[in-house]
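According to my numbering, the sequence shown is numbered sequentially starting from 11. First up is the structure itself, then whatever we jot down about it.
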Amino acid sequence: MMKSKIKFLIVYVLLLSLVLHYPITVLAKSGESQENTYTDSTSTSAADKQKWTVEKDGLKFTVAYPTKIQCGTPTTFEFDAKYAPDPTLSQGELRYRIHSLTVYDGSEDVSVYDVSYGSNSAYTSDTTFNFTFCASGTYYIRFEALYRKPNSDGTYQILGCVDTGFQNQGIVLKIDDPQYPSVENIVTNVASECLTKCSTDYEKALWLNDWIVDHCTYDKTYSYCSAEGALARGSGTCEAYHRAYVMLLNKVGISTGRITGNGHVWTAVKMGGKWYQVDTTWNGYTETNIDLRRLYFGLNDEIMKKVHSDHKPVQGYESTSLEQNYFIQSKEISKWSDPVINIVREHIDARDTNFSIEITKKSPNDSNYASAYATILYNLVAHVLTNTSWSDDEALNIDLNAAYTPKDNSSGTITCTVQYTAIPLSFQQVNLDAD
């Protein structure tokens, strides 16, 4: 009996020591069973370091990173890999890359870091990857390691490839930094401020356009492509500008849509029951004589087609009105339309039915200087001409239709057609009696 107890105690102590020495491992489930079948996937942690390990087809890949991530400073992810069939790595070479860095925005997975651009997701021999987080939240980051053998013809034979899994089945980073609020909190705070200052759809959409333009610059590295870039990082691609604007507009009750053209994306905005287009990315510029911060605010499909040649109206977001255009609403367009109106009046006085007005690049000191933005401005001028009342007496009705055709960004032609219709005497008498 005594020997049995001693034997039991020895086994118990050995088992206990193993448990204390080796952390419990958890097999990660993969939703990509056709792509990855892990033989082992573990997440271990020490006081200041977290490790994620996966193993497939003899390739064991470990990623180490801080247990507590601090926003505003680079977070370093350290890579290590071993290939069991070739432990000395005599036949090939190890390479690493970031596969994706995403967040879930409530409806879909959104890339925070654009791995599709340039060398952002290229395999390299670097054993570290640095990324600076700028907002609290839950992030999903995925890395890959491969072991490859060079062939004599310059190609490679992949001997082993493994990744760290995806979404909640991979590396999940939950960041809670009081100094760096989440994207959702930023949206709530900005929208609340907007609602205290604005009442109409036009006012809200314009105020939020200005907020984004004032708080974000274009990311020339083409790396930050989610709302996080524009709202928290202060730098993003057109995708970041668009997504941020959508979140803000939706928060204040304005419907939105996605519009594209020539590899660019901008936003459909519903104001006063009609759809308009706003490009917050291209509004992010300044020039002394033109309010470029609102140049692309409230445009229609016709004008955007002239700016982006392959743009087509998107079903459900067709934009045909210019009523809520910034230059029309603010009457800023008068700087360019008034000189043209004077020329048109001369043609009307002469009863011309068809005539053209050439728009050329002016001196920057001229009040109607079009610079490189004539396509936008003079399409708006054409709209003003078409909607101006030209009849100056009760005996003649004058209908004018104007259209602008650009030659290049700085010049073009305004073509006008005018119809003069005499008002019947009996109708004139009715009007006189009414007066």
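For each residue, glycine too, the CB sits at the ideal point set by N, CA and C.
Residue 410 and residue 350 do not touch by the CB rule: their CB atoms are close to 12 Å apart, not below 8 Å. In the DSSP assignment, residue 349 falls within the unbroken alpha helix (DSSP H) covering 344-359. When the beta-carbon positions are compared, residue 248 and residue 274 come within less than 8 Å of each other. Using a 10 angstroms sphere on the CB of residue 310, the tally of other CB atoms reaches 16 or more, which defines it as buried.
In the displayed model, residue 332 falls within coil according to three-state DSSP, outside both helix and strand.
Closest option to residue 157, judged by alpha-carbon separation, among 93, 217, 139: 93.
In the DSSP assignment, residue 276 forms a beta bridge with 269.
Put simply, the backbone Cα of residue 246 is about 10 Å away from that of residue 253. Residue 423: member of the beta strand (DSSP E) spanning 421-432, first to last residue. For the pair residue 420 and residue 278, the Cα-to-Cα distance works out to about 26 Å. The beta carbons of residue 152 and residue 110 sit about 5 Å from each other, so the pair counts as a contact at 8 Å. Between residue 345 and the set 356, 299, 327, 366, the nearest pair of CA atoms involves 299. As summarised for the stretch 83-111, the continuous beta strand (DSSP E) elements at least 3 residues long and confined to that stretch are 84-93, given in chain order. Distances from the CA of residue 306 to each of 76, 282, 216 were compared; the closest alpha carbon is that of 216.
Spanning the alpha carbons of residue 133 and residue 188 requires a straight line of approximately 35 Å. Annotation for residue 428: 363, 410 place their beta carbon closer than 6 Å to its own, counting only its chain and skipping 5 residues before and after.
Taking the C-beta atoms as reference points, residue 59 is found nearer than 8 Å to residue 76.
The closest CA to that of residue 121, considering only 149, 405, 96, is found on 149. The Cβ atoms of residue 81 and residue 234 lie no closer than 8 Å to each other. The continuous stretches of beta strand (DSSP E) do not include residue 204, which lies in the alpha helix (DSSP H) extending over residues 193-207. Looking at the DSSP output, residue 281 sits in a beta bridge with 284.
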